[in-house]
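**Student:**
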Amino acid sequence: NGFRHITNGSKVIKKPEDVAGLKIRTQENPIHLAAFEALGAKPTPMAWTEALTALQQGVVDAQENPAIVAQTYKLYESKQTQMALTGHVYSAAMILFSKPVWDKLPADVQQLLAEEAKKAGQYERELMIKMEEEAISTIKAKGVVITEDVDKQAFRDAMKPVYDKFSGQFGKELVDQIVNTK
7 NGFRHITNGS KVIKKPEDVA GLKIRTQENP IHLAAFEALG AKPTPMAWTE ALTALQQGVV
67 DAQENPAIVA QTYKLYESKQ TQMALTGHVY SAAMILFSKP VWDKLPADVQ QLLAEEAKKA
127 GQYERELMIK MEEEAISTIK AKGVVITEDV DKQAFRDAMK PVYDKFSGQF GKELVDQIVN
187 TK
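Following the working numbering, the numbering of the sequence shown begins with 7 at its first residue and continues without gaps.
1) Spell out the partners DSSP gives Arg-31 in its beta bridges.
2) Let me confirm a value: Asp-24 is counted as buried when at least 16 other C-beta atoms fall within 10 Å, else exposed. Which label applies?
3) Per DSSP, what are the beta-bridge partners of Val-151 in this structure?
4) Which term fits Asp-67, buried or exposed, when burial requires 16 or more other beta carbons within 10 angstroms of its beta carbon?
5) Does DSSP classify Ile-12 as helix, strand or coil?
6) Measuring alpha carbon to alpha carbon, tell me which residue in Thr-59, Gln-62, Lys-29 is nearest Thr-50.
7) Between Gln-88, Leu-58, Val-151, Asp-163, which lies nearest to Ala-41 when the distance is taken from Cα to Cα?
8) Just tell me which of Gly-174, Gln-175, Tyr-169 has its CA closest to the CA of Ile-184.
9) Quick one, are the C-beta atoms of Ile-74 and Glu-154 less than 9 angstroms apart?
10) Check whether the stretch 100-111 and the stretch 43-58 are in contact - that is, three or more C-beta pairs closer than 8 angstroms.
11) Take the Cβ of Pro-22 as the centre, count every other Cβ of all protein chains shown within 10 Å, and call the residue buried at 16 or more, exposed below.
12) Determine, using beta carbons only, whether Val-95 and Glu-132 come nearer to each other than 9 angstroms.
13) For Phe-172, which residues in the same chain have their Cβ closer than 7 angstroms to its Cβ, ignoring the five residues on either side in sequence?
14) So, helix, strand or coil for Tyr-79, using DSSP?
15) With DSSP collapsed to three states, give me the class of Ser-97.
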């Protein structure tokens, strides 16, 4: 969980143009592919189980994940010497119900679950902030250069064609809501 950042083994990333040409491991997800293509990267979708080997063998140059993942999987041992704190996507934990199960619950139980889920979501965000700070500190201590002064507005601006592309599929209102979430 947490905000996703870009790691690589060759260059500092501060602006969208810095991503151009990087062979980056992405999730097998058309939106992620389109986003990295818009930045001029060469997205390579693959399962996470293949990513470490791909990084070690130079199949890909870069990857994007929360700092906690970079720490847990010791990406600094897989040629990832740079981390740009792009925060380009928030990978959230989700609580899901099937609609038929939810609809069978009494209204008071639905209300209680919804209220507690909001509390759990707030707790998760607070915990992720703390865990990310600790992960970044650990990664930095292992010699990874952390770039904090990333031009996030330039990255958002570079995503405009991606927002436009997926507005038709998901609806402009939803895309605008996502884009404007702080």
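Yeah, the Cβ is synthetic: ideal placement off N, Cα and C, and Gly gets one too.
**Tutor:** Considering the structure as presented:
1) For this step, residue 31 is matched to residue 25 along the sequence shown. Arg-31 is bridged to Thr-50, Gln-69.
2) Numbered from 1 along the sequence shown, position 18 holds the residue referred to as residue 24. Classification of Asp-24: buried, given that the 10 Å Cβ count is 16 or more.
3) Counted from its first residue, the sequence shown places residue 151 at position 145. Paired residue(s): Gln-88.
4) Numbered from 1 along the sequence shown, position 61 holds the residue referred to as residue 67. Buried: at least 16 other Cβ atoms inside 10 Å.
5) If you number the sequence shown from 1, residue 12 lands on position 6. Looking at Ile-12 - three-state DSSP - the assignment turns out to be strand.
6) Indexing the sequence shown from 1 puts residue 50 at position 44. Here the closest residue by C-alpha is Lys-29.
7) Along the sequence shown, one-based indexing puts residue 41 at 35. Of Gln-88, Leu-58, Val-151, Asp-163, the residue nearest in Cα terms is Asp-163.
8) Along the sequence shown, one-based indexing puts residue 184 at 178. Comparing alpha-carbon positions, the option among Gly-174, Gln-175, Tyr-169 lying closest to Ile-184 turns out to be Tyr-169.
9) If you number the sequence shown from 1, residue 74 lands on position 68. If you number the sequence shown from 1, residue 154 lands on position 148. Contact: no.
10) Cβ pair count under 8 angstroms is below three, so no.
11) Along the sequence shown, one-based indexing puts residue 22 at 16. Pro-22 sits buried, since 16 or more C-beta atoms from the chains shown fall within 10 Å of its C-beta.
12) Numbered from 1 along the sequence shown, position 89 holds the residue referred to as residue 95. Numbered from 1 along the sequence shown, position 126 holds the residue referred to as residue 132. Contact check for Val-95 against Glu-132 fails: the beta carbons are separated by 9 angstroms or more.
13) For the purposes of this step, residue 172 is taken as residue 166 along the sequence shown, with counting starting at 1. Residues of the same chain with a CB within less than 7 angstroms of the CB of Phe-172, apart from the 5 flanking positions on each side, are Ile-37, Val-181 in chain order.
14) Along the sequence shown, read from residue 1 onward, the residue named residue 79 stands at position 73. Coil at Tyr-79, not helix or strand.
15) The sequence position of residue 97 within the sequence shown is 91, counting from 1. If DSSP states are grouped into helix, strand and coil, Ser-97 belongs with the strands.
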